[in-house]
Amino acid sequence: MQCSKCRNTAVLFQEYSGQYLCRQHFEADVEAKAKHEIRRHHWMIPGDHIAVALSGDSGSIALLYFLKKLTSNRHDIRISAISVDEGIAGYRCMGSAMRVAELLDTECFTGSFKERFGKTIDEIAYTKGIALSCTYCRVLRNFLLNRIALEHGITKLAFGRTLDEEAGSVLKNVLQGNVEILVRSERAVRGKVPHILPFIAVPEKEVAFYADLQVKGYIQSRCPYDNKPFEEDTQEMLNDFTIRHPATKYALLGLKKNLAAACASLADSISSCERCGEPADGIICQSCHIIDEVNANGT
C-alpha cells in the first residue's frame, strides 16, 4: 500500500486514524505525538538535565533515541540515562543497556539492588514469595532511580511508558474503583525528581517499531516474576475491544485527563504520603513501608 501522505511505500497502518504511513511519515507521527505531550505538560525547559530510565526494553530505548535527536542542537538541555540491576538471574543484562547508551553517545549512570539494599530481587522473591516480587521490584527500582537522579543533579526522570500501558492502567483502576489514582494531580514533592512520559500517547507497537528502526541489536525479554493476572486480563480485554473500536485507548487516556481536571479539588483532599506524595491511608504509603523494611534488613 502507498502512504496516505505521499506516494512512498507504507510500512504501517494505523487502525485508529485509518492512515497508511511510510517510514518518514511514521517517524514524524511518533515524534509529533511525543513533542505535543512535552509541550502540553511543560516537561522540558532550559537548564534541564533529563535522564531516561534505561531498562533495555523498546520503550526506554526509543525514548533515549528520540530525546537525543530532539535536543541534538540544544546546548541548554542535557540527556543521560540511568540503568538499574535488580538482580534477576538471566533477565536483565547491564552490558546490553550500556551498549545502547554508548551507541547513542549517552552517559549512563548505574546502580544495583545488591549494592543499595544488600539483596537482589531473586533473594526477595525467595523470602517474600513470587506474588509480591513485582511490587517490591517496582517500589525499590523507583526509589533507586530517584536516589541516583538526586546524586547527579538530574531534574527530570523520563520513562518509556506507552499508550497501551497508560490506558490499561486507567481501565484497571476504574474496575478496582481507585478514584484517588485517577484524579490525583502531579504535585511537586520535596526529594522526588519529577517524572515525564513523552510516549504516553503513542501505541506500544508503534514505539517498538520506532525502536527497531533506529537502534539495532538490543535484546528484550520477559521478567520471570511478571505475574499480574488482573492486569493481564484487563489488558487482554482492552486489546480485544480495541480491535472493534480502534480509538478506545485514546478515549481512556482522555478520560483520565478530564477526570484530573474536573476533580482537582477532590485530588487535594485525598490523603498523601508525607514522604513521597503518593495516595496513602496513613502517614506513609505502602511503598515507603516497603523501603523502610528493606533498608532495615539490608545494608
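In terms of our numbering, the sequence shown opens at residue 23 and continues consecutively.
Cβ atoms here follow ideal geometry from the backbone N, Cα and C, with glycine treated the same way.
| request: Please check the pair Leu76 and Leu86, which I expect to be a contact at CB under 8 Å, by giving their CB distance rounded to whole angstroms. | output: 6 Å
| task | Could you check what DSSP says for Cys310 in three-state terms: helix, strand or coil? | result | helix
| message | Taking its Cβ as the centre, do 16 or more other Cβ atoms sit within 10 Å of Ser80, making it buried, or is it exposed? | response | Ser80 is buried by the Cβ-count criterion.
| message | Assuming contact is defined by CB atoms lying nearer than 9 Å, are Val74 and Ile104 in contact in what I supplied? | response | yes
| request: Answer with buried or exposed for Glu228, where buried requires no fewer than 16 other C-beta atoms within 10 angstroms of its C-beta. | output: buried
| field | Residue nearest to Pro216 in terms of C-alpha spacing, selected from Ser191, Leu275, Arg45 and Arg169 | value | Arg169
| Taking the Cβ atom as the reference point for each residue, do Cys156 and Asn249 lie within a distance shorter than 9 Å? | yes
| DSSP three-state assignment for Cys130, whether helix, strand or coil | DSSP, read as helix, strand or coil, puts Cys130 in strand.
| field | Residue closest to Leu172, alpha-carbon to alpha-carbon, out of Lys214, Asp98 and Gln242 | value | Lys214
| task | Identify whether Tyr158 lies in helix, strand or coil by the three-state DSSP scheme. | result | helix
| field | C-alpha distance - Ala123 paired with Ser102, whole-angstrom precision | value | 8 Å
| query | Is the segment 181-195 touching the segment 140-150 in the sense that three or more CB pairs, one from each, lie closer than 8 Å? | reply | Proximity of the segment 140-150 to the segment 181-195 falls short of the contact definition, fewer than three beta-carbon pairs being nearer than 8 Å.
| query | CB-CB under 6 Å to Thr132, same chain, minus the five flanking residues each way: which ones, in chain order? | reply | Ser105
| message | On the DSSP letters alone, give me the boundaries of the beta strand (DSSP E) that Tyr38 sits inside. | response | For Tyr38, no beta strand (DSSP E) encloses it, and the DSSP letter there is neither H nor E.
| message | Can you tell me which residues form a DSSP beta bridge with Thr31? | response | Gln24
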